[in-house]
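Chemist: Please find one structure pasted underneath; my questions will follow.
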Amino acid sequence: MDLLMYILTVLIDIVVGVFVAIGIVIAVVLVLAIIVIALAFEIIMLPITIIAFLLYYLAGIGSLDWWTTISLWFVEAGESVVSFIQSIGAFLGF
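When we follow this note's numbering, the leftmost residue of the sequence shown carries the number 64, and every step to the right adds one.
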């Protein structure tokens with residue numbers, strides 16, 4: 064009887080371990096997918112923003128000089144990085 068209980072306990076431990084391992088793998092894959100999607104979105108949005116600032120400058124709509132335009136690019140790049148970090152933090156629950 065003790066041997067049967069021991070075998071049953073080992074089998075239950077193996078099954079639970081397999082489910083836990085599968086859950087960990089799924090969680091890691093989901094986190095990596097979220098990071099890749101957020102990074103791809105930021106990579107796509109940054110050139111669009113730069114082009115929009117260039118068109119804005121070239122059209123003469125605003126009184127932007129080159130230094131202002133370049134500083135706006137850096138501000139946009141910084142916002143993109145912060146947004147990316149916040150999206151990861153929000154996903155992880157921080």
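Note that the Cβ used here is the ideal one computed from N, Cα and C, for glycine as well. Values in this document were obtained by computation on a predicted structure and should not be read as measured data.
Give the secondary structure of M49 by DSSP, where H, G and I count as helix, E and B as strand, and everything else as coil.
Modeler: Residue numbering for the chain in the displayed model covers 64 to 157; residue 49 lies beyond these limits and cannot be assessed.
Chemist: Relative to the alpha-carbon of F116, which residue among V78, A140 and I77 has its alpha-carbon at the smallest distance?
Modeler: A140
Chemist: Roughly how many angstroms separate the alpha carbons of L66 and V83, rounded to a whole number?
Modeler: 26 angstroms
Chemist: Taking buried to mean at least 16 other C-beta atoms within 10 Å of its own C-beta, is A90 buried or exposed?
Modeler: By the neighbour-count criterion, in which 16 or more other beta carbons inside 10 Å mark a residue as buried, A90 falls on the exposed side.
Chemist: Can you give the Cα-Cα distance for S143 and V92, rounded to whole angstroms?
Modeler: 23 angstroms
Chemist: Are I97 and F154 close, meaning C-beta to C-beta below 8 angstroms?
Modeler: yes
Chemist: Please look up how many angstroms separate the CB atoms of A103 and I151, rounded, as I've assumed it's under 8 angstroms.
Modeler: Not a contact, Cβ separation roughly 13 angstroms.
Chemist: Could you work out which residue in V94, L135 and L95 is closest to I113 when comparing CA atoms only?
Modeler: Considering only alpha carbons, the answer is L135.
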